[in-house]
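Peer 1: Chains as they are written, first to last, in this note's numbering: chain C, 1 to 366; chain Y, 367 to 732; chain P, 733 to 1098; chain D, 1099 to 1464.
From the three backbone atoms N, C-alpha and C, an ideal C-beta is built for every residue, glycine too.
4 protein chains.
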Amino acid sequence: MSGNSIGKLFTVTTFGESHGLALGAIIDGCPPGIEISEQDLQLDLDRRKPGTSRYTTQRREADVVKILSGVFEGKTTGTSIGLLIENTDQRSKDYGKIKDRFRPMHADYTYQQKYGTRDYRGGGRSSARETAMRVAAGAVAKKYLQVCCGIEVRGYLSQLGPIGISDVDWSVVETNPFFCPDASKVSEMEEYMQKLRKSGDSVGAKLTVVATGMPVGLGEPVFDRLDADIAHALMGINAVKGVEIGAGFDCVDALGSTHRDEMTPEGFTSNNAGGVLGGISSGQDLIAHLALKPTSSIVLPGKSVDMEGKAVEVITTGRHDPCVGIRAVPIAEAMVAIVLMDHLLRNRAQNADVHSTTPVIPAATS
Amino acid sequence: MSGNSIGKLFTVTTFGESHGLALGAIIDGCPPGIEISEQDLQLDLDRRKPGTSRYTTQRREADVVKILSGVFEGKTTGTSIGLLIENTDQRSKDYGKIKDRFRPMHADYTYQQKYGTRDYRGGGRSSARETAMRVAAGAVAKKYLQVCCGIEVRGYLSQLGPIGISDVDWSVVETNPFFCPDASKVSEMEEYMQKLRKSGDSVGAKLTVVATGMPVGLGEPVFDRLDADIAHALMGINAVKGVEIGAGFDCVDALGSTHRDEMTPEGFTSNNAGGVLGGISSGQDLIAHLALKPTSSIVLPGKSVDMEGKAVEVITTGRHDPCVGIRAVPIAEAMVAIVLMDHLLRNRAQNADVHSTTPVIPAATS
Amino acid sequence: MSGNSIGKLFTVTTFGESHGLALGAIIDGCPPGIEISEQDLQLDLDRRKPGTSRYTTQRREADVVKILSGVFEGKTTGTSIGLLIENTDQRSKDYGKIKDRFRPMHADYTYQQKYGTRDYRGGGRSSARETAMRVAAGAVAKKYLQVCCGIEVRGYLSQLGPIGISDVDWSVVETNPFFCPDASKVSEMEEYMQKLRKSGDSVGAKLTVVATGMPVGLGEPVFDRLDADIAHALMGINAVKGVEIGAGFDCVDALGSTHRDEMTPEGFTSNNAGGVLGGISSGQDLIAHLALKPTSSIVLPGKSVDMEGKAVEVITTGRHDPCVGIRAVPIAEAMVAIVLMDHLLRNRAQNADVHSTTPVIPAATS
Amino acid sequence: MSGNSIGKLFTVTTFGESHGLALGAIIDGCPPGIEISEQDLQLDLDRRKPGTSRYTTQRREADVVKILSGVFEGKTTGTSIGLLIENTDQRSKDYGKIKDRFRPMHADYTYQQKYGTRDYRGGGRSSARETAMRVAAGAVAKKYLQVCCGIEVRGYLSQLGPIGISDVDWSVVETNPFFCPDASKVSEMEEYMQKLRKSGDSVGAKLTVVATGMPVGLGEPVFDRLDADIAHALMGINAVKGVEIGAGFDCVDALGSTHRDEMTPEGFTSNNAGGVLGGISSGQDLIAHLALKPTSSIVLPGKSVDMEGKAVEVITTGRHDPCVGIRAVPIAEAMVAIVLMDHLLRNRAQNADVHSTTPVIPAATS
C-alpha cells in the first residue's frame, strides 16, 4: 500500500482532505461480538475537536462520525467497519492565497514535488484534520482493549513549551483544556498561551501515553517489536519529531548497574524499560513520550518561495493551533491503542497455545 | 508476517540465533543489474564485527557472508538474494548458567513468557548477533543508493555516556574504535571505557545517522512517512530506547518563528526538520538520532528470579560489550539504508510519471 | 489485514453490507495526475447494475457512486481515493424469514459459524452487492491502464448453462443483456432464460476476460505470478469455482510438441499460454476464463437446518439472479484490471531501469 | 515484497536458482512448541525428488535439507525457521547452448525482458527446482495441521494425459511412481509414458488435493477467501494453467436445484462446493483440482528466436520430466498446507473468542 494503512491484522485505512467532502476510514480485522456505538467514537472525537477552547484553532467542525458497516444490532460482526465524517466548515477563501507559494516548514513543498500537484486547500491531505479518523478508529481499539483485556490507554501533556509538570494526577487530565495532569501548572499554562497568542507565535510540546493492564508477550521480534511499531505510529503523527520508550534518551549517560530494572518475586524494582524488553511487553505499564514541534502556520511573516522558486513572504492567516501538541493527546492515545490491538491479535495468532501463560512475577512496579 | 521482515518493496527477512548453526537473510525486491559482491557486504560486517578492539566483546566471529542466489556474473538478477553467515565461535558453556533464570532488563523473561520456551544460549534470537544480517542486507541497499542515486548513508557516535562531541569531522569517524567524529574526544573516551571495564559496569550511547544526496519525495503519508518508517527501523535495533528526527526533542520548548526552516531561492536557511516535511523527504540531509541503553549483561550481581519466580542473583560472565552503542553505528546505517531503499522503490512505483521533477530550490542548507 | 483488501501497491479496501447504510472503498496507491470522474466509474457500475433486464434480479439500486477524496480539480492527487455508494432499496422484510435458518450452498452457515454472528439481511457482507465497490475501484484501474498504457480489459459471457458460443465479436457484447459476443446465440439464450425463470431454477455460466495491449514483464515470480494473482482475484468473486489461464484444463491431455506456443520474428504462433510465461506477461493478450456456479437462492424448496441444527425446508423468495454469471462480467473485468494495475506499479518499482525495454518480438499472435 | 513470499501470518519466503549454490527458505510465524525434525521435511522432499523413477528427469539431487534456526531441542521456538538445501548436481554444460536463445513456451523470454538479464543455467529461478523449498516449508505446515488440528492434506494424480482414473484408493497412491490412486490404471500409465519418452514428447496432467478433518471457519472474505488463496497458491506452481474448487467448471451447465449441497442434521448431502461456502471452509473436505501443461522442454525441434529476435531452432537436450505433473503432487499438497496454516492463524487471531464453536451439523458428507 502507499501509506494510508496501519496495522497488519487490525488494519486502519483512511482517506480525506482538510477541505474535501468527507473523511473516512475502514477498520479491517476487528473481532466480532464487540459492543460498539457511534457514541463510543464520538467521545474521543470531541476530546480532539477544534474550537473547544481559546487555546486551539477556532475552526468549528462538528466531527460527527457515522458507522456505515461492520456493526449489526449494536455489535461488531467481524466484517470491515466503515467510518465517515462529513466536512462542514470549509472556508476555502482562507487558503487561496497560499495556492502558489509554499508555507515554510510545511508539507506544501514536499507534496507538490512528490506528486507534481496538491490540494492546497487547508493543506489537503497533510492537514492535521486527517487525524480525526485516527481518533475514531483508535476508539474502537481502546474499547476492545479495555472491555476484553482490561488494558487502558491514556495520555497527558508532559511539557508545554518551557513549562514541565511535577506531578501526574490522572483525575486532573480531563479537567483542563491542556490535558495537563498537574493542577498546579494549569494557570501558568493559560498565561503562557495567552501571551503566545498575542505574539502570533507557536510553541512545541511533549506528550506521554501510558497503557496499564498490559499482558506479557505483545510484540514480534526482530523488526516488528512493540516499541518499534509504537515509534512508527507516533512518529507518523503530524509534527512529531521524537519518540521515547520508558527512560528514552536519559539512558545515554546511565550506567547498566543503576539503569537496569531488577526483578523480584514481588515485581520489577523500576520501569526504565517502559514496559518493553527485547521488543516484547513485560507486563509493566507501557510508557511512551513524544515531542511535537511548534506549528509552522503562524501570522508572523516568514521567508519562502513560490512555485517558480522566486522569493516570497508568507503570512498564514488561517485558523491554526498555537500549540498543536495540546489536541494531539487523543491522537497519540489512538495510535498506541491501534498498535496494541494489532499486536494483541498477532500474538493471539501465533501463540494461542501458550498466550494464556500466567506471568512468572507480578507486573506491578514496586 | 511475524516480525522477521522489514520493508514493503525492498524486503529483508532474517533468521538465526546467537548460538545456532548460522544466520541468514533473504532480500526480495532488489532491482536487477546492480554490481554487488560479497566484499561489498563484508566491509560493513567487519565494521560491526566483535573483538576488533578492547572496547567491544571479545567473542571472535569471522562473520564471513556468502551470497547464495540472486547475483549472476557479478550483478543482481532481480530475483531474491539469499545471504548466509555460519556461526563459528559458540562457547555455549558460558551461557548454561542462565538457562533457568532471567537476566534483569533482558529479553530472557519476555521470550520465555511469550513463546513458552526459548533458546537460552547467548540470548538466542534476542542476541545482538542477529543484527549481523541487517548489516549485510543494508550493505546491498547502501550500494544501490550510492551507485544509482548518489545517496550516501553514514553514521557516527554523538555521545558516549557523559561524553558528548563538539565537532563532526567525517574523516575522523573510521579512524578510532568508537566511530567518534571528534578527534579531540577520542582519548577521553578511551580512558572512560577502560575505567568502565574495570568497574564491570556498562553505559549508554547516542548515535547519529545522516543521509546526504537525498532526493525530494521519499515517504508515503499518512502512516508510512519516511520519518515514521525510520523510527520503526531504528527503534527496532536492540537496546534502542529513543529516536529523533532533526531537532527532535529540542523542538518542545522552541517557538515556531525561530524553529521553522525558512526557504529561499538559494535553499533552506536551516534544517531543524532533519530533511523531512509532512513525512516526505525535502531534499535536505536526512538526520536521525538514536539512544541506546547500557547493556544489562554485566558482571555486577543483580536481583532477578528463576523460572519458578524465586529470587536469585544473576552475574553475567559472558563476553559482552560494555557499551553496545559503539558497534551499533553500522547497524543504524544499515537500517536507514533499508528504509530509504524501500521508499525509493515505493516512490518510483507510484510517481514514475513525475519523480524526475527537478527541485524548486536547491537542497543545500545555507 | 483480514481479507477486505486486495493489491500490494494499488490497494483496494472495501466495506459494506447488502442492507447496510452504504458501500464504500478506499483506493490507495493510485498515481497522481490522472483525469478521473464519477462518470468514469458510473459507466461500469451501470453495466453491473441489477434490474436492467428481465434476466437479472429486480432489486432496483441506483448505485450512484461519489468520489470523496484523492481527486482535486478533476485529477488524482496521489492520496487515497474514497468512494461511497449509499444503499437505497433495502426491503428487509424479504429476508426476515431466513434469520434463523441457513440457505443451502450459501455463506449463511459459514459466516454464522466463523463469526458467531451475522447480518442476515440479504446475506449481509456475503451478498453479491459487495461487488459494486470492486467495479467502481476497477474502473479507476481500467482508466489508468487504457489512458497511460494502452491496455484494454474487456470481458464476455462464453457459456450460459448449456449454451456455448461459436464466435467472438466485441461489437456485439454490449448490445445484448448477456454480454454475449455471438449474435447468433442471443435469442437462444433469451428463450433458455425465460424457461429457467418459469421453472424457478438457476444455472451456471462461464466468462472470459481478455486484456489487450499488454506489455512484457508484468508478474512477480515465484508466488505473486501474474496468473496466480489473477486466479486469486477471480476465484475471490462470489460463486466462482474455477479459473483458467489460456488453454486451461485443455492442456491436460495435450502434447508438448503441439501445445507449446512457438516464437518467430513475426510473433508467437499461438497463445495457449494465455499471455503468461513463467508467471510474467509475454506481451500477448492476457486470457482468463472463470466458471460461476448457479445461485443457490432459488424458489424451489431445499433441505437445510436451522440455528439449532434441526431439519427445515428453505424457499428463497427474495429477488435473485437466475444466472449470477451474467452480471459478473464487469466484476471480472474490474478484478483483472486491479491486478494488472498492481503489477504495473510493482514492475515499475523494481525494474524502472529496464522496464522500457522494447520486446524482442512483436506481441501479435500470427 | 516482490513475489518471493507467500502467506500473511505463516509466511514462507524462498530463494535459489537451479544451478546456484543453494536453495533456501525462511518460515516466519510458525507457532512455538511444535516437534519438528529435518526428517519430517525430508520425507516430502524425497517424494518430490527427481531421478526416483524412469518417468521423471534423471537429474540426481540429494535434496538434503538442513534446519538452521527456529528449532531448539527438537521443538519450534516461535522465531523464524531457516531452511537450506545445497545444490550438488549442476551440469551447466547441458544448458550453455540456450544462453542466447529462448526456449519456446518457457520463461527464458519473459525473464530476459522483465529484468534485462537472466541466469540461463537450467532456467535459473524459473526452474521447477525452486519448488523444493515449497515442499520443505509445506512439510512444516502439514505437520502442524495434522498434529495440532487433525487436518490431513493429501494429493493424487487424477489424469495423466488422456488417461483418467475410475477410483480413488488412498492406499494405492504411494505404491506407484505416478501418485495414481487407481491400481487398475498404473500399467496403462507406464506403457503410455514409455511410448511418450521414445517419441521425445511431453504431456499434461491433472492433480487433485484433498484436505480432511477441516474445521469450519477458515477463510477471510471478501478478497482473501480460502478458495481464492488456494487458487493463488496452486496457480503459482510452475506449469499450472487451471484451478478448480469442488465441482469446478462442471458447475457451468448445472442447475441450482441439483448443484446445491443441501444440509441435513446428519450433514451435507453432497460436496459440489468442495468444502468452501462464501470463501469460508464449511467443515466438509476441501477439494481442489489443478491442470499442468506439458513441459515445453523437449528434444523435438521447435521454432524460436535468439536474443536479437532472429529465427532459430531450439532442441532441449537437458534432463527433463516428460510429465511435470507427476512430481507436482507433493508440491500441490505443500501449497495447500501453507494456505491452510496461514488461514488457521488468521482465523485464530480474529475469532479467538468464538473459533471453538462446535459445528451446527457434522462435516461428514452423507
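Please report the straight-line C-alpha distance between residue 65 of chain C and residue 644 of chain Y, rounded to a whole angstrom.
Peer 2: 25 Å
Peer 1: Would you report the Cα separation of residue 936 of chain P and residue 973 of chain P, rounded to the nearest angstrom?
Peer 2: 10 Å
Peer 1: Answer yes if the stretch 1371-1386 of chain D comes into contact with the stretch 1413-1427 of chain D, meaning at least three C-beta pairs across the two stretches below 8 Å, and no otherwise.
Peer 2: no
Peer 1: Assuming residue 963 of chain P and residue 1333 of chain D make a contact with CB atoms under 8 Å, what is their CB distance in whole Å?
Peer 2: 4 Å
Peer 1: Given that a residue counts as buried once 16 or more other Cβ atoms are within 10 Å of its Cβ, and exposed if not, what is residue 1488 of chain D?
Peer 2: With chain D represented from 1099 up to 1464, any question about residue 1488 of chain D goes unanswered, as that position is not in the structure.
Peer 1: So who's on the other strand from residue 1077 of chain P, going by DSSP bridges?
Peer 2: Looking at the DSSP assignment, residue 1077 of chain P forms no beta bridge with any residue, so it has no partner.
Peer 1: Can you check whether the C-beta of residue 21 of chain C is within less than 8 Å of a C-beta belonging to chain P?
Peer 2: yes
Peer 1: Considering only C-alpha positions, which residue in the set D/1298, D/1296, D/1168 is nearest to residue 477 of chain Y?
Peer 2: D/1168
Peer 1: Given residue 1103 of chain D, which residues of its chain have a CB within under 6 Å of its CB, disregarding the five upstream and five downstream residues?
Peer 2: 1109, 1111
Peer 1: Cα separation between residue 901 of chain P and residue 913 of chain P?
Peer 2: 5 Å
Peer 1: List, from N- to C-terminal side, the alpha helix (DSSP H) runs of 4 residues or more that fit wholly inside the stretch 587-630 of chain Y.
Peer 2: 592-601, 622-625
Peer 1: Beta carbon of residue 246 of chain C, beta carbon of residue 273 of chain C: below 8 Å?
Peer 2: yes
Peer 1: Alpha carbon to alpha carbon, how far is residue 673 of chain Y from residue 1130 of chain D?
Peer 2: Take the alpha-carbon of residue 673 of chain Y and the one of residue 1130 of chain D: they are about 18 Å apart.
Peer 1: Taking just the CA atoms, how far does residue 63 of chain C sit from residue 49 of chain C?
Peer 2: In a straight line, the C-alpha of residue 49 of chain C is about 7 Å away from that of residue 63 of chain C.
Peer 1: How many Å lie between residue 1313 of chain D and residue 1247 of chain D at the Cα?
Peer 2: 8 Å
Peer 1: So if I threshold CB-CB distances at 7 Å, which residues from the stretch 1204-1235 of chain D count as touching chain P?
Peer 2: 1204, 1205, 1207, 1208, 1209, 1211, 1212, 1213, 1214, 1223, 1224, 1228
Peer 1: Nearest chain C C-beta to residue 1244 of chain D closer than 8 Å, yes or no?
Peer 2: no
Peer 1: When the Cα atoms are used, what is the spatial distance from residue 923 of chain P to residue 816 of chain P?
Peer 2: 37 Å
Peer 1: Roughly how many angstroms separate the alpha carbons of residue 87 of chain C and residue 335 of chain C, rounded to a whole number?
Peer 2: 22 Å
Peer 1: Can you give me the start and stop residues for the beta strand (DSSP E) that residue 1250 of chain D sits inside?
Peer 2: 1250-1258
Peer 1: Secondary structure at residue 778 of chain P, three-state DSSP: helix, strand or coil?
Peer 2: helix
Peer 1: Tell me which same chain residues have a C-beta within less than 8 Å of the C-beta of residue 44 of chain C, skipping the five on either side of it?
Peer 2: 135, 136, 138, 139, 142, 330, 333, 334
Peer 1: Along the chain, where does the beta strand (DSSP E) that runs through residue 1385 of chain D open and close?
Peer 2: 1384-1390
Peer 1: Which same chain residues end up closer than 6 Å to residue 1295 of chain D when comparing Cβ atoms and leaving out the 5 residues on each side of it in sequence?
Peer 2: 1420
Peer 1: Which class does residue 84 of chain C belong to by DSSP, given the choice of helix, strand or coil?
Peer 2: In the structure shown, the three-state DSSP call for residue 84 of chain C is strand.
Peer 1: Return the CA-CA distance between residue 433 of chain Y and residue 1115 of chain D, expressed in angstroms with no decimal places.
Peer 2: 12 Å
Peer 1: Quick check: is the beta carbon of residue 768 of chain P nearer than 8 Å to any beta carbon in chain C?
Peer 2: no
Peer 1: Where does residue 759 of chain P fall in DSSP's three states?
Peer 2: If DSSP states are grouped into helix, strand and coil, residue 759 of chain P belongs with the strands.
Peer 1: Within 8 Å of any Cβ in chain C, is that where the Cβ of residue 811 of chain P sits?
Peer 2: yes
Peer 1: Can you say whether residue 304 of chain C is buried or exposed, counting buried as having 16 or more other CB atoms within 10 angstroms of its CB?
Peer 2: buried
Peer 1: Taking residue 670 of chain Y as part of the beta strand (DSSP E), name the residues at either end of that continuous run.
Peer 2: It spans 668-671 - the beta strand (DSSP E) in which residue 670 of chain Y sits, taken as one unbroken run.
Peer 1: Over the uninterrupted beta strand (DSSP E) stretch that includes residue 428 of chain Y, give me the two end residues.
Peer 2: Residue 428 of chain Y -> no beta strand (DSSP E), and no H or E assigned at all.
Peer 1: Does any residue of chain D have a CB that is nearer than 8 Å to the CB of residue 350 of chain C?
Peer 2: yes
Peer 1: Taking the DSSP output, what are the residues bridged to residue 643 of chain Y?
Peer 2: Y/646
Peer 1: According to DSSP, is residue 537 of chain Y part of a helix, a strand, or is it coil?
Peer 2: Looking at residue 537 of chain Y - three-state DSSP - the assignment turns out to be helix.
Peer 1: In chain P, what lies closer than 8 Å to residue 4 of chain C by C-beta?
Peer 2: For residue 4 of chain C, the residues of chain P that pass the 8 Å Cβ criterion are 758, 760, 811, 812, in the order they occur in the chain.
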